[in-house]
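Reviewing the structure listed below.
2 protein chains.
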Amino acid sequence: MRQKAVGIRDVAREAGVSVTTVSHILNNVASARASDETRERVKATAARLGYGPNRMARSLRMQRSEMIGLLSEGIATTPHAGRIILGAQDAAREAGLTIVLINTSQTESDTMRDIDALLRQQVEGVLYATMYHRLLDLPRQLGDTPTVLIDAEDLSGRLPWVVPDEVGGAERAVQELLDHGHRRIGFVTNVEDVPATHGRLAGYRKTLEAASIAHDETLIVARTSETPGGYEAALAVLSVEPRPTALFCYNDRMAMGAYRAAAELGLRIPDDLSVVGFDNQEIVAEGLFPALTTIALPHYEMGQWAMRRLIAILNSSNSTELSEPAVLPCPLVRRESVAPPRPTS
Amino acid sequence: MRQKAVGIRDVAREAGVSVTTVSHILNNVASARASDETRERVKATAARLGYGPNRMARSLRMQRSEMIGLLSEGIATTPHAGRIILGAQDAAREAGLTIVLINTSQTESDTMRDIDALLRQQVEGVLYATMYHRLLDLPRQLGDTPTVLIDAEDLSGRLPWVVPDEVGGAERAVQELLDHGHRRIGFVTNVEDVPATHGRLAGYRKTLEAASIAHDETLIVARTSETPGGYEAALAVLSVEPRPTALFCYNDRMAMGAYRAAAELGLRIPDDLSVVGFDNQEIVAEGLFPALTTIALPHYEMGQWAMRRLIAILNSSNSTELSEPAVLPCPLVRRESVAPPRPTS
DNA sequence: TTGTACGCGTTATCAT
DNA sequence: ATGATAACGCGTACAA
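As you go down the protein sequences, you meet chains A and B in turn.
Residue numbers for the first sequence follow the numbering used here, so the first one is 1 and each next one is one higher.
Residue numbers for the second sequence follow the numbering used here, so the first one is 346 and each next one is one higher.
And the structure:
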């Protein structure tokens, strides 16, 4: 057995009062009054005995589990997920809530089903986090359990969600290049059909347009969003004439490929070529030489926002007005891969 | 309100039996007998009503929360932690347990607060996972709550723990190089004083010795375990004469630095130089060109082992015999960075 | 100002 | 073969 299991009645007996008084005092019940002397004595004995309310009993009585389920698709695959959890965690702590973790595989819908059959009982709300920004039609199984989506947009239109501002991030990246004097900026992008693809492309186009730079479709090359794809795409972009003096890459892994392409072409970064990535995958961005300037995804903030929103929904009965989504900014992280273009070339 | 909150009495009424019978049937109580007809009817109505036991009530009655606390240091910082969680998760599911997550900051006071926040949730046991393999003296607050350490060795000698086999992993790495015919193998290592440092060095030495290759301390260079450190160390190792034909690197990030050093020296991998890393950080190992052969850390397996061990402890009253640690193997992950040495040189 | 007693939804004991 | 009822530990009307 673990503890002597000190309960509220032990405290009451020890302090010479009733359980009601103890409960009132420890829970700061406004309506009930007790003498300051009693208050002190009860609190003291509670502390001395190391009393803490039994959560199972408390939850049963209050009909509140004080637990939030965090459904995460493939925590394993990405370091990003950790930051989401951290943000959610911190927000949960503010409200005295704890997080129970459920990892879902993306495919098995039956896994999903028995998980939340089990989950429906004990959890007050659910945070559903995906591995990467995408559109999602959440299974009906969650019923009317309050739910907030993280890094995913709800297709049904019922659930609040929070995603990164892909467009704004791309604008910031390209603007950084513009600010250094670049005018010919290639875009090493990807072929996947996800919101990030379209958003980052839109940001790229928009920023160049705002700077009155004519479109040049030959400067946009798409491949798969891995390092080899970045290598290929960069090779292609860097072979157009006149050669671009800077590259904006869809993500840091593609930027890693771009570094290799640059090296093979005898281009030094940032002297001959400036590069900006996206995602701020620190192992890559800091490991590359020179270190990669990139755009950070607001994972911590998304986790935090989602949890706070969920808590707000839990606390207010009319949740309809709380169903709006949020789009969080992606800040620029300056490192060493951007410099002004060379005078010639 | 969430659900109609279908309870056991609803099922009982609907099926025309008592709650006892329902409970007996749904929980497969051996001692209780019921007619097959009743059995069917009860199960059917339970399913039809979508009944599931209320965990809060169940826990209170059973005095078992069916929850395990996972205390993790800085989930954020490493993609590894995710795999630990996954392993623990899968093992927990086998036993019908759920995981409540607490992320601890590394400062002691916060950790203490987090720990007893966790204990107040009445978790049945605790898994304590660190960010990297190290020695640990766990705060006493856990009292006699069953605890298992992941990726950390318990200094107090009371708690079971599980860590990667650093020595064996290094042996495997060096052996792979030996098997390809290399005889002069440099070791790009780190300066930190952690078990991995000593273990990997020991494995390196041991393997060379077993192959009757004379010690050559000039082939071992230590720097900080980041990419720049790897670059510096590799540069140093590759400048000794005769130049080693292969490099074993303390981790993948240092290997990333070694790649750069090799490139600067005009050495092509794997033709002129073979490289093996450690950690199998996929973003790096797969992103490097050529892809890096490396040693994988058994994070999933550690999480799984720890949870299973914890469950075993929970289920048996004499837990002393279950306090032994485990050292799990680190498999080799073959990619493209190892080849036979060139005939000359 | 404090104490008594009930209910939260289960499971387990003991009758019937 | 089934049913009534007592816990589990807490919070809170309501009574004193």
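Yeah, the Cβ is synthetic: ideal placement off N, Cα and C, and Gly gets one too.
- request: Check each candidate in ARG205/A, ALA296/A, THR189/A and name the one with the smallest Cα separation from ALA255/A.
  value: Along the first sequence, read from residue 1 onward, the residue named residue 255/A stands at position 255. Looking at the Cα atoms, THR189/A is the closest of the given residues.
query: At what residues does the alpha helix (DSSP H) containing ASP524/B begin and finish?
result: Translated into the one-based positions of the second sequence, residue 524/B becomes position 179. Unbroken alpha helix (DSSP H) run through ASP524/B: 511-524.
message: Under DSSP, the beta strand (DSSP E) around ALA368/A begins and ends at which residues?
response: This structure leaves residue 368/A out entirely; chain A is present only between 1 and 345.
task: Measure from the C-beta of SER337/A to each C-beta in chain B and report whether the shortest distance is under 8 Å.
output: Taking the first residue of the first sequence as 1, we reach residue 337/A at position 337. It does not; no Cβ of chain B falls within 8 Å.
Cβ-based contacts, 8 Å cut-off: residues of the stretch 244-264 of chain A near chain B: Answer set for the stretch 244-264 of chain A: ARG253, MET256, GLY257, ARG260, ALA263.
message: On the criterion of 16 or more Cβ atoms from any shown chain inside 10 Å, does ALA375/B qualify as buried, or is it exposed?
response: Here the question's residue 375/B lines up with position 30 in the second sequence. When all chains shown are included, ALA375/B counts as exposed.
ALA261/A - DSSP class collapsed to helix/strand/coil: Stepping through the first sequence from its first residue, residue 261/A is reached at position 261. In the structure shown, ALA261/A sits in a helix (DSSP, three-state: H, G or I).
message: Rounded to whole angstroms, what is the Cα-Cα separation between HIS198/A and VAL284/A?
response: Residue mapping note: residue 198/A aligns to position 198 of the first sequence, counting from 1. Residue mapping note: residue 284/A aligns to position 284 of the first sequence, counting from 1. Each residue's Cα considered, the two are about 23 Å apart.
Given 8 Å, three or more beta-carbon pairs between the stretch 499-516 of chain B and the stretch 462-470 of chain B: No, the stretch 499-516 of chain B does not touch the stretch 462-470 of chain B.
- prompt: Does ILE85/A have its Cβ less than 8 Å from a Cβ in chain B?
  reply: The residue given as residue 85/A occupies position 85 in the first sequence. At least one chain B Cβ lies under 8 Å of ILE85/A.
Chain A contact for PRO484/B (CB, 8 Å cutoff): As a first step, residue 484/B is located in the second sequence; it is residue number 139 there, counting from the start. Interface flag for PRO484/B against chain A is unset, since no Cβ pair is found closer than 8 Å.
task: Tell me, please, whether the stretch 613-625 of chain B touches the stretch 587-601 of chain B by the rule of three or more beta-carbon pairs shorter than 8 Å.
output: The stretch 613-625 of chain B is in contact with the stretch 587-601 of chain B.
- prompt: How about LEU394/B and GLU439/B: are their beta carbons less than 8 Å apart?
  reply: By one-based count along the second sequence, residue 394/B stands at place 49. By one-based count along the second sequence, residue 439/B stands at place 94. No Cβ-Cβ contact shorter than 8 Å links LEU394/B with GLU439/B.
query: From the beta carbon of MET302/A, is the nearest beta carbon of chain B less than 8 Å away?
result: Within the first sequence, the letter at position 302 stands for residue 302/A. Output row for MET302/A: interface = no.
task: Can you tell me which of the three DSSP states TYR250/A falls into?
output: Here residue 250/A corresponds to residue number 250 of the first sequence, with the count starting at 1. In the structure shown, TYR250/A adopts coil according to DSSP, grouped into three states.
task: Name the two residues that bound the continuous alpha helix (DSSP H) containing ASN535/B.
output: In the second sequence, residue 535/B corresponds to position 190, counting from 1. Run containing ASN535/B: none in the alpha helix (DSSP H); it sits in the beta strand (DSSP E), 530-535.
task: State yes or no: is the beta carbon of GLN89/A nearer than 8 Å to at least one beta carbon in chain B?
output: Residue mapping note: residue 89/A aligns to position 89 of the first sequence, counting from 1. At least one chain B Cβ lies under 8 Å of GLN89/A.
- request: Check VAL338/A in the structure and name its three-state DSSP category.
  value: Residue 338/A sits at position 338 when you count from the first residue of the first sequence. Coil.
- request: Could you tell me which of GLY87/A, ASP36/A, SER23/A sits nearest to ALA46/A, measuring between CA atoms?
  value: Position 46 of the first sequence, counting from 1, holds the residue named residue 46/A. Nearest option by C-alpha distance: SER23/A.
Burial state of SER317/A, where buried means 16 or more other Cβ atoms lie within 10 Å: In the first sequence, counting from the first residue as 1, residue 317/A sits at position 317. Burial call: exposed.
Collapsed DSSP secondary structure at ASP461/B in the structure displayed: For this step, residue 461/B is matched to residue 116 along the second sequence. If DSSP states are grouped into helix, strand and coil, ASP461/B belongs with the helices.
query: Between ILE447/B and ALA462/B, which are expected to be in contact by the criterion C-beta below 8 Å, what is the C-beta distance as a whole number of angstroms?
result: Position 102 of the second sequence, counted from the start, is the residue given in the question as residue 447/B. Position 117 of the second sequence, counted from the start, is the residue given in the question as residue 462/B. Taking C-beta atoms under 8 Å as the contact rule, ILE447/B and ALA462/B qualify, at a distance of about 7 Å.
query: VAL333/A to ASP616/B, Cα distance in whole Å?
result: The sequence position of residue 333/A within the first sequence is 333, counting from 1. The sequence position of residue 616/B within the second sequence is 271, counting from 1. Their backbone Cα atoms lie some 36 Å apart in a straight line.
message: Whole angstroms are fine: how far does the CA of PRO195/A sit from the CA of ASP151/A?
response: In the first sequence, counting from the first residue as 1, residue 151/A sits at position 151. In the first sequence, counting from the first residue as 1, residue 195/A sits at position 195. Annotation: ASP151/A to PRO195/A spans about 10 Å, alpha carbon to alpha carbon.
- request: Check whether the stretch 49-59 of chain A touches the stretch 82-96 of chain A, taking contact to mean three or more Cβ pairs, one atom from each stretch, closer than 8 Å.
  value: The stretch 49-59 of chain A vs the stretch 82-96 of chain A: no contact.
- request: Run the CB neighbour count on SER72/A, radius 10 Å, all protein chains shown included, and call it buried at 16 or more, exposed below.
  value: For the purposes of this step, residue 72/A is taken as residue 72 along the first sequence, with counting starting at 1. Label assigned to SER72/A: buried.
field: LEU659/B versus ILE413/B: straight-line alpha-carbon distance, rounded
entry: In the second sequence, residue 659/B corresponds to position 314, counting from 1. In the second sequence, residue 413/B corresponds to position 68, counting from 1. Straight-line Cα distance between these residues: approximately 11 Å.
field: Where VAL356/B falls: helix, strand or coil (DSSP)
entry: In the second sequence, the residue the question calls residue 356/B occupies position 11. For VAL356/B, the three-state secondary structure derived from DSSP is helix.
- request: Excluding the 5 residues preceding and the 5 following VAL364/B in the sequence, name in chain order all residues of the same chain whose CB lies nearer than 7 Å to its CB.
  value: To locate residue 364/B, count along the second sequence from 1; it is residue 19. Sequence-distant Cβ neighbours of VAL364/B in its own chain, meaning closer than 7 Å and more than five residues away, are ILE353, ARG354, ALA357.
query: Assuming VAL148/A and ALA306/A make a contact with CB atoms under 8 Å, what is their CB distance in whole Å?
result: Looking up residue 148/A in the first sequence gives position 148. Looking up residue 306/A in the first sequence gives position 306. Cβ-Cβ separation between VAL148/A and ALA306/A: approximately 4 Å, consistent with a contact (criterion under 8 Å).
Chain B contact for GLU192/A (CB, 8 Å cutoff): Here residue 192/A corresponds to residue number 192 of the first sequence, with the count starting at 1. Taking a beta-carbon distance threshold of 8 Å, GLU192/A does not count as an interface residue toward chain B.
task: State the CB to CB distance for the pair ALA296/A and SER337/A, rounded to an integer number of angstroms; the pair is presumed to be in contact (CB under 8 Å).
output: Stepping through the first sequence from its first residue, residue 296/A is reached at position 296. Stepping through the first sequence from its first residue, residue 337/A is reached at position 337. Wrong, their Cβ atoms sit about 15 Å apart, outside the cutoff.
Expected contact under 8 Å - CB spacing of ILE429/B and MET647/B to nearest Å: The residue given as residue 429/B occupies position 84 in the second sequence. The residue given as residue 647/B occupies position 302 in the second sequence. About 6 Å; that satisfies the 8 Å criterion.
- prompt: In the DSSP assignment, what are the bridge partners of LEU60/A?
  reply: Along the first sequence, read from residue 1 onward, the residue named residue 60/A stands at position 60. Within the DSSP secondary-structure output, LEU60/A pairs in no beta bridge.
- prompt: Among the residues of its own chain, which have a CB less than 6 Å from the CB of LEU155/A, if the five just before and after it don't count?
  reply: Here the question's residue 155/A lines up with position 155 in the first sequence. Take LEU155/A, set aside five residues on each side of it, and the residues of its chain with a beta-carbon closer than 6 Å to its own are LEU135, ASP137, in chain order.
- prompt: Grouping DSSP H, G and I as helix and E and B as strand, with all else coil, what is LEU564/B?
  reply: Mapped onto the second sequence, residue 564/B falls at position 219. Note: LEU564/B maps to helix in three-state DSSP.
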